[in-house]
Amino acid sequence: MTADLQKGRMGPRACLLGLLALSVAGQCSYSPEPDQQRTLPPGWVSLGRADPEEELSLTFALRQQNVDRLSELVQAVSDPGSPRYGKYLALEDVADLVRPSQLTLHMVQKWLLAAGARNCHSVTTQDFLTCCLCFTLQAELLLSGAEFHRYVGGPAETHAVRSPHPYRLPKALASHVDFVGGLHRFPPTSTLRQRPEPQVTGTLGLHLGVTPSVIRKRYNLTAQDVGSGATNNSQSCHLGRFVHQAAVARVVGQQGRGRAGIEASLDVEYLMSAGANISTWVYSSPGRHESQEPFLQWLLLLSNESALPHVHTVSYGDDEDSLSSAYIQRVNVELMKAAARGLTLLFASGDSGAGCWSVSGRHQFRPSFPASSPYVTTVGGTSFQNPFRITNEVVDYISGGGFSNVFPRPSYQEEAVTSYLTSSPHLPPSSYFNASGRAYPDVAALSDGYWVVSNHVPIPWVSGTSASTPVFGGFLLYKQHGAGLFDVTHGCHESCLNEEVEGQGFCSGPGWDPVTGWGTPNFPALLKTLIDP
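Structure follows, in structure tokens:
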């Protein structure tokens, strides 16, 4: 980055003249994200136009190089039959591969400098640039068509500054900028549910909800099955808002203010209990500014740190159709970058079953992203067959799963998915899903009836795949292959409430299925596979 751009200060007159020139040039412009959904998420309300003098922080995703070569390398380092298997890339190697061209860096920096952008920060891979714009008028002239409004929403009454209208960039940047973050996508809200406590008479030999001891008993961990405490064994979770740091090895990013949320408490408590005595990091990214996107900030942190935990668990997700093609494809490349470095990224499969939406008057299932990315491990959810006993598991009806409408089925899924599609007796109508898409989830774990202690208060019967994901994350520290799993073969998840499918999506069955994947972890079998493959 040039020193001029880092200083990035221009006088008000020069700044406005530069913006006027950009505005005129912007008449020959293009829209990077014409298909981005801009409807207000449930629970959010507009507070009106943002203050014209309010400062904004925006992230510019610069066009990368050699993405096809990166994809080939990921396949090679992930394939046990390849001579490159396990020879992962360092962050610096990834940077050398995908770093934007000098022309891209020059064009974007020149454009931002003319607009008066300041305090610009890049990442090691140089493919993101985050800059401050000193007032919203400046940003609206830079990004023609944008109109910034202030919003508030979610249980924590989060504030955000977003544009309800599409933005445009000068056409000269069409081959240099993928998208601009901080305009449309809202911070995600937790989908965890607190279900009513089932009624039971007598408690002898029963448990009253899922706790760390129940998890360890169900998945056959003994008191001796803990991590070594070695510094090269580490795990992390991504949280939008995290407050308390007790027992956590490291918090990366800015911590939130006030009380810890239920989701943050659940993620840390169960990740650290399933992956006991393993160094745990928390990525806390509430957004340093109200115009920032927390998930995007986490991706930037991954592109800026050489030494990272081996396993990351993330409970974030959006409907595929709600995201622009430019955004979803670029985020997929960021996940590919992580895979090339040997990082295991676990994402919750979602809490809406197969999902449902209407396309041209016809219902279809609604896949979730990043759960549908071929470069992550997606975790579905299960329940105990008897909610008060440690028994076999069945499908948790909310467990997200299905087939991507964006990403084709990867070769590593071909045999398992084809087997399911040709043998399942309960397939929904073919018009409801894309049978050739990337299928998910890959695995599952208990997602129903958790006890969570948040701010010293015990909260019972918390449910969602946000719970199952950190549990499986803890186990992957012991073994990162698909062997050694309990197969879940009973139950179906929810979907469209219409006469054709009557609320039923996919059903589980022997082997892989799009509800619980390959199944839930059985630690002794995982350990045996590790020691004697």
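Numbers -26 to -1, 1 to 507, taken from mature numbering (1 follows the signal peptide of the UniProt record, and there is no 0), label the letters of the sequence shown in order. Cβ atoms here follow ideal geometry from the backbone N, Cα and C, with glycine treated the same way. Just so it is clear, the structure is predicted and the values come from calculations on it, not from any experiment.
- With three or more CB-CB distances shorter than 8 Å, the stretch 375 to 385 counts as touching the stretch 477 to 489.
- Per the coordinates, the alpha-carbon of Ala113 lies some 10 Å from the alpha-carbon of Leu86.
- Closest in C-alpha terms to Leu143, from the list Phe339, Leu36, Gln100 and Ser428, comes Leu36.
- Contact check for Pro344 against Val305 passes: the beta carbons are separated by less than 8 Å.
- Under the rule that a run must span 4 or more residues, the alpha helix (DSSP H) segments found entirely inside the stretch 34 to 102 read 41 to 52, 65 to 72 and 76 to 89.
- Where Asn379 is concerned, the enclosing beta strand (DSSP E) starts and stops at Gly376 to Pro382.
- Within a 10 Å sphere around the beta-carbon of Arg224 sit fewer than 16 other beta-carbons, which makes this residue exposed.
- Here Leu30 is near Thr110, since their CB atoms are less than 8 Å apart.
- Taken through DSSP and simplified to helix, strand or coil, Tyr349 comes out as coil.
- Note that the C-beta distance between Leu240 and Tyr424 is below 8 Å.
- The Cβ atoms of Val51 and Ala314 sit closer than 8 Å to each other.
- Here DSSP, grouped into helix, strand and coil, assigns Leu282 to coil.
- With respect to the 8 Å criterion, Thr352 and Pro283 are not classified as neighbours on the basis of their beta carbons.
- In the DSSP annotation of this structure, Gln387 is not part of any beta strand (DSSP E), being labelled neither H nor E.
- Secondary structure note for Phe153: its beta strand (DSSP E) is the uninterrupted segment Val151 to Gly155.
- In this chain, Tyr125 is not harboured by any alpha helix (DSSP H); it is covered by the beta strand (DSSP E) spanning His123 to Gly127.
- Secondary structure at Pro186: helix, using DSSP grouped into helix, strand and coil.
- Annotation: Glu66 to Arg192 spans about 41 Å, alpha carbon to alpha carbon.
- In the structure shown, Leu32 adopts extended strand secondary structure according to DSSP, grouped into three states.
- The straight-line gap separating the alpha-carbon atoms of Asp370 and His400 is approximately 17 Å.
- In this structure the stretch 286 to 295 does not lie against the stretch 77 to 85, because fewer than three pairs of beta carbons, one per stretch, are closer than 8 Å.
- In this structure, Gly479 sits near Gly327, with a CB-CB distance shorter than 8 Å.
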